[in-house]
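Count the sequence shown with our numbering and you get residues 93 to 785, in order.
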Amino acid sequence: MTDQAVDTGGSQLPGIEQRPAAAPAPTVSQFLGRTRELKELRADIERAGLDTLSGRKAPRARVLLIAGRPGSGRTALAEELVRQVADRYRDGVLRARLTEPDGTPVPTERTARELLAALEVATPPGAAEDDLTEALREALADRRMLLLLDDAAAAEQVDALLPGTPDCLVVAVSEGPLTGIADVRPCTLGGLDTKSALELLGRLTGAVRITVDPRAAEGLVEECAGQPLALVLAGSWLAARPQAAVADLAKQLRTEGDEGPPSARLFRLSYAGLPATAQRILRLLSLAPAGLVDPHTASALAGCSVSAAHTTLDDFAALGLVRLLESPLPQYEVPGSLLPLLRALAESRERPAELQLARARMLERTVRLLQSCRAITETDSTEAREKLLGMPRTLRFPNPRAAADWLRVRQPALLAAARSAVADGELDTLARRLMSQLVRAMVAHFGTQASAPELYGIHRLVLDVAERRNLPREQAAALLNLADLDTRTGRTAEALARYRAALDAGREANDPYATGRAMESVGGAHQELGDYDRAADWYGRALAQRLARDERVDAARLYGRIATAHTYAGRYGEALRNWRSAVAGHRKNGDVAAQARALSELARVQEYAGRPEESLRTCQEAVEWARRADDVRLQAALQLRLADTLEHLGDPAAARLHRGAAERMLGEELLESDSGAEQGPNACEIRSASSKD
């Protein structure tokens, strides 16, 4: 038996992380054995490769492969190797898991984006896989880093992420060989050596139970084939039964026969010893997104209280059936090697309708938690406060920070829930609500810009289902959302194409909101691209629809957008006509604040058109409406504009009076800020357009 090892702490990869190489380890390593494998792996880091032997410099990072079946301790060995050599890599360690717990390969695009986020390298949402992997290689080109890529399903996943510099090292973990990657250094794992396996059992059961019957203990190790997961399950089973002898467990395993690997036999033994209620909860954990479970998830799946679910999860962790993750909130992970066993049990013991109901309860609980998570940020909303008070206490967050922490910790599971909600190609009401509430919660806590990559993925999921199922209304909504994200991140050309596609889908669905919104957004994209004629034309089409539907508020706003496009194009006559229509529309709607802003813009264009006397009168009218709207900032800006106009007309004394009024409103510092914002027509018009968007 080879000299191999296991980390009894169950070290797992929670996702992507980065830490300085020189940082001390937070705990003393509990790693056992595998001395020979570690020695060979460390030697392989320095060993000459094929390129070096031929006199050429290595073109990219060296790849060390740790291969073994799930449960063999392959990730623990990789983590121990990383711990031992991390100080050689000054820029730190990056980690990524390349396969979901259910066996689904993680898209390279998502992995590359998460690695870039760990490096604090901004990437536009929606960027193609090739662009992201190239950006990753560029980011690593001048760094000396160690990448740990766990649970690789294929060589292509690893190859796409390889740094193009020999100063980096890649440690890959996989079940089999990574054929196709040049000069990869493999290390294949079997079981633990007997000494390490016995020590592992002793740590779990107490050394006395091993030393009093060493022959039985060695027999148990042999029945477990030295596999770390099997040994953990065996040790946990014995720890839960202080009166049971090691020989009893070894005998039970022998009577089980050779059906399946040792870990499967030990799992069945542990499962059989659970109460019926706990068995059911364990089976239903197979439905947890990405294998990540918290007490709320288990509670919803089983239909029990949150406290009872929490206690049961702790019991499962003590038996080695789930892992308690290092997290500020209680969170557990179902080992990937046990998920197929749980699924098989769930499918054989639960009716399909019951599984569907459990999944619906879980998603409904997730939706309500997301609603609560968002509502806690709306402290000024009476409706939000009433909604919160109407929720059970277990669904409420004590403050916005606690809600944000929950959202951050649970984000991988929430995104996995979104993916699983549409995995069957459907977009039912519950899936729609989940997507909507997830988007709103992330925007409320993290902002649109920071959440853009995740939001892009969610809208992309909806679009894929809508296209497959020919749902034009949902397709239009997803395209509009994706285009908005493109616009915010400077991808205007891509946004324009999506807005046009959304217009087509909206027309197919006979959805007036989507078509009107798409037409206006097409105009906005053309304006951003500097095509003011097309911008004004598309705004005009949107205006015609709003007028036909008697949507007066939107019509008044669109008059302002048309006027802005004409102003950019230097067509001041058309701009003045449309600003007057905007003012009239806001007046009829009773929107005093919007009327004041429109008058302010009208005065600005009059000044550009060489009509200072008209601009002066309009500006004075705008001041009065801004006062009625209690908009102090706009009043101050208008006072400054009045001062500028009066100076142009040769009345410096009156100009000083208006500047003094602005100073009294906002003070010296804000006055300087507003003066800078007022420089030049383009700056003013851009601010005006954005305020109306």
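We treat Cβ as the ideally placed atom computed from N, Cα and C, and that holds for glycine. Predicted, not measured: the structure shown is a model, and the values here were computed from it.
- When secondary structure is reduced to three states using DSSP, Thr471 falls in the coil class, being assigned neither helix nor strand.
- Of the residues Leu416, Leu366, Ala368 and Leu358, the one whose Cα lies closest to the Cα of Asp386 is Leu416.
- In this structure Leu462 does not touch Val514 by the C-beta definition: roughly 16 Å separates them, more than the 8 Å allowed.
- Only exposed fits Thr303, as fewer than 16 other CB atoms lie within 10 angstroms of its CB.
- Counting other Cβ atoms within 10 Å of its Cβ, Gly184 reaches 16 or more and is therefore classed as buried.
- Taken through DSSP and simplified to helix, strand or coil, Tyr424 comes out as strand.
- Residue state for Phe538 is assigned as helix, using DSSP reduced to three classes.
- For Asp251, there is no enclosing beta strand (DSSP E); the residue is found in the alpha helix (DSSP H) stretching over Ala247 to Leu253.
- Contact fails between the segment 286 to 293 and the segment 266 to 274, because fewer than three Cβ pairs, one in each stretch, are under 8 Å apart.
- Annotation: Arg205 to Ala436 spans about 34 Å, alpha carbon to alpha carbon.
- Put simply, the segment 487 to 496 does not touch the segment 557 to 571. Fewer than three CB pairs are less than 8 Å apart.
- Taking the C-beta atoms as reference points, Thr584 is found no nearer than 8 Å to Ala558.
- Separation of the CB atoms of Gly615 and Arg638 is rounded to 13 Å, and the pair is thereby denied contact status at 8 Å.
- Counting only residues of its own chain and dropping the five nearest sequence neighbours on each side, His551 has a CB closer than 6 Å to the CB of Ala570, Asn573 and Leu574.
- Of the other Cβ atoms in all chains shown, fewer than 16 fall within 10 Å of the Cβ of Gly752; this residue is therefore exposed.
- Short of 8 Å from the beta carbon of Arg307, and not among the five residues preceding or following it, lies no beta carbon of its own chain.
- Within the same chain, Cβ atoms closer than 7 Å to the Cβ of Gly412 are found at Val324, Leu325 and Ser328, the five residues on either side in sequence being excluded.
- Beta-bridge annotation (DSSP): Cys279 is paired with Ile158.
- Around the beta-carbon of Val300, fewer than 16 other beta-carbon atoms lie within 10 Å, marking it exposed.
- Here Asp625 is exposed. Its C-beta has fewer than 16 other C-beta atoms within 10 Å.
- For Ala337, there is no enclosing alpha helix (DSSP H), as DSSP marks it with neither H nor E.
- Per the C-alpha coordinates, the member of Trp498, Ala168, Val684 and Glu620 positioned closest to Arg653 is Glu620.
- A direct Cα-Cα distance of roughly 14 Å separates Val265 from Gly428.
- With a minimum length of 4 residues, the unbroken runs of alpha helix (DSSP H) contained wholly in the segment 200 to 276 fall at 200 to 210, 221 to 232 and 247 to 253.
- In this structure, Thr458 lies away from Val398, with their beta-carbon atoms at least 8 Å apart.
- Of Thr257, Arg511, Gln176 and Asn670, the smallest CA-CA separation from Ala380 is found for Arg511.
- Around the beta carbon of Gln249, 16 or more other beta carbons lie within 10 angstroms, which makes this residue buried.
- Each residue's CA atom was taken as its position, placing Arg128 and Ala370 some 41 Å apart.
- Distance between Glu172 and Arg453, taken at the CA atoms: about 40 Å.
- For Ala400, the uninterrupted alpha helix (DSSP H) run begins and ends at Val398 to Ala410, by DSSP.
- With a beta-carbon spacing of about 14 Å, Val675 and Ala721 fall beyond the 8 Å limit used to define contacts.
- Distance from the CA of Tyr424 to the CA of Ala587, rounded to the nearest whole angstrom, comes to 40 Å.
- Asn670 sits buried, since 16 or more C-beta atoms from the chains shown fall within 10 Å of its C-beta.
- By alpha-carbon distance to Gly549, the top candidate from Ala594, Cys465, Ala220 and Arg126 is Ala220.
- DSSP, reduced to helix, strand and coil, places Val514 outside both helices and strands of the structure shown, so it counts as coil.
- Among the bridge pairs identified by DSSP, Thr191 is matched with Pro197.
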